[in-house]
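Note that the sequence shown covers residues 626 to 920 in my numbering. Cβ coordinates follow ideal geometry from the N, Cα and C atoms, glycine included. None of the values given here were measured: they were computed from a predicted structure.
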Amino acid sequence: MRNWLFLLAVIVLMGVVYNRFNSNSDTDLPIGQTKNANEMPTEENSPPANELTFRIDADQVHQGNLLLVNEEIAVPPNHADAKAVNLFKHQELVDGFGLLDNKIRLSPELTKQFTTMIKHAALDGVKNFLISSGYRSDKEQQALYDQLGPEIAAVPGHSEHSLGLALDVGSTTAQMKDAPEGKWLKQNAWKYGFIVRYPEDKTDITGVIHEPWHIRYVGLPHSAIMQANHWAFEEYLDHLKERKSITTILEGKTYIVYYFPVASNTTLHVPTIGNYEISGNNTDGVIVTVFDIVN
Ligand SMILES: [Zn+2]
Numbered sequence: 626m627r628n629w630l631f632l633l634a635v636i637v638l639m640g641v642v643y644n645r646f647n648s649n650s651d652t653d654l655p656i657g658q659t660k661n662a663n664e665m666p667t668e669e670n671s672p673p674a675n676e677l678t679f680r681i682d683a684d685q686v687h688q689g690n691l692l693l694v695n696e697e698i699a700v701p702p703n704h705a706d707a708k709a710v711n712l713f714k715h716q717e718l719v720d721g722f723g724l725l726d727n728k729i730r731l732s733p734e735l736t737k738q739f740t741t742m743i744k745h746a747a748l749d750g751v752k753n754f755l756i757s758s759g760y761r762s763d764k765e766q767q768a769l770y771d772q773l774g775p776e777i778a779a780v781p782g783h784s785e786h787s788l789g790l791a792l793d794v795g796s797t798t799a800q801m802k803d804a805p806e807g808k809w810l811k812q813n814a815w816k817y818g819f820i821v822r823y824p825e826d827k828t829d830i831t832g833v834i835h836e837p838w839h840i841r842y843v844g845l846p847h848s849a850i851m852q853a854n855h856w857a858f859e860e861y862l863d864h865l866k867e868r869k870s871i872t873t874i875l876e877g878k879t880y881i882v883y884y885f886p887v888a889s890n891t892t893l894h895v896p897t898i899g900n901y902e903i904s905g906n907n908t909d910g911v912i913v914t915v916f917d918i919v920n
């Protein structure tokens with residue numbers, strides 16, 4: 626897609642660190658704000674007008690699009706089924722792709738994100754997509770695990786499919802590793818907020834064999850940052866934790882992604898320079914994504 630050519634100009638500016646949460650220093654200001662010599666360091670109990678203060682409770686660590694699930698980190702207990710619906714019974718959601726069977730469930734929201742992506746693939750002449758698996762309950766994952774074994778299926782409670790944010794995508798013409806659909810996803814999924822979660826050269830990090838068919842929704846700008854830096858999801862979350870924030874520009878729009886540790890109920894201080902989205906990382910903190918930034 627021509628529009629997306631602009632995305633090739635993704636610039637990831639690393640290490641714009643917003644230290645306020647972890648220190649008393651106000652010397653590191655986020656992009657978009659200029660330091661004013663007349664502004665004195667502020668007291669913790671009197672937040673400045675240009676700062677948003679909000680409470681985060683511990684549950685939020687386990688909610689959102691950026692939850693990490695792998696062989697060590699489980700799907701949060703009592704995780705809802707992510708509003709998954711049976712796609713076969715909701716044909717209005719099935720547009721431009723096939724279904725392997727009549728049991729596939731996926732949330733309407735995720736299905737729409739997927740549809741937006743493959744409509745762009747169709748414009749590139751790639752149009753033989755098939756969804757072979759969507760949301761799976763722990764019980765369904767157990768059945769799969771019993772059938773396929775630990776080499777192929779994740780241990781129940783440790784599958785991204787049970788988060789409701791992953792799906793397996795096939796091609797009606799060939800195996801995904803060879804099919805145009807697999808190649809297209811590898812090159813383009815990031816533009817639509819998806820990642821090919823288990824790449825060939827990251828098996829030592831993900832702990833999972835190469836799965837060109839398994840895509841995971843994380844949203845923008847996260848997928849773009851991972852693509853630009855060639856990071857697996859685990860690596861992205863580690864870098865974010867280490868750097869505290871990552872700033873990126875996508876199609877001329879600036880995004881700032883912050884990591885905040887959350888021990889229990891926590892108060893966050895974020896500059897009021899745009900709109901926000903919050904997701905837990907499923908281990909020890911939340912990620913605040915600031916977008917629509919007014920410079
Ligand atoms: Zn999968």
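Residue i Cβ short of 7 Å to ligand 1 heavy atom set
| i | result |
| --- | --- |
| D829 | no |
| E836 | yes |
| H783 | no |
| H745 | no |
| A768 | no |
| A804 | no |
| S758 | yes |
| A592 | Only positions 626 to 920 of the chain appear in the structure, and residue 592 is not among them; the question remains open. |
| D786 | Reading off the sequence, residue 786 comes out as His, not Asp. Yes; taking the cut-off as 7 Å, the Cβ of H786 has a heavy atom of ligand 1 nearer than that. |
| H839 | yes |
Cβ neighbours of residue i in the same chain (closer than 6 Å, five flanking residues each side left out)
| i | result |
| --- | --- |
| T831 | Y823 and A857 |
| Q688 | G905 |
C-alpha gap between residue i and residue j, whole angstroms
| i | j | result |
| --- | --- | --- |
| H839 | T892 | 36 Å |
| D682 | N890 | 4 Å |
| K808 | H745 | 14 Å |
| I656 | H894 | Low local confidence applies: a pLDDT of 29 at I656 is under 50, so the model's placement there is unreliable, with the coordinate-based value given in what follows. Going from the Cα of I656 to the Cα of H894 covers about 16 Å. |
| N690 | Q772 | 29 Å |
| P701 | N907 | 7 Å |
Neighbour-count burial assignment, residue i, 16 or more Cβ in a 10 Å radius
| i | result |
| --- | --- |
| K827 | buried |
| A799 | exposed |
| Q932 | For the chain, the structure presents residues 626 to 920; residue 932 sits outside this window and is missing. |
| I850 | buried |
| P775 | exposed |
| G910 | buried |
| V806 | A quick correction: the sequence has Glu, not Val, at residue 806. Under this definition E806 is a buried residue. |
Cβ-based neighbour list, residue i, same chain, cut-off 8 Å, excluding 5 preceding and 5 following
| i | result |
| --- | --- |
| N675 | Q658, P896, T897 and I898 |
| I756 | L712, F722, G723, L724, L725, I729, L731, F739, L792, D793, V794 and G795 |
| A699 | G782 and H783 |
Rounded Cβ spacing between residue i and residue j (contact assumed at less than 8 Å)
| i | j | result |
| --- | --- | --- |
| I729 | F713 | 7 Å |
| K869 | Y883 | 7 Å |
7 Å CB neighbourhood of residue i in its chain, flanking five on each side removed
| i | result |
| --- | --- |
| H835 | Y823, P824, E825 and T828 |
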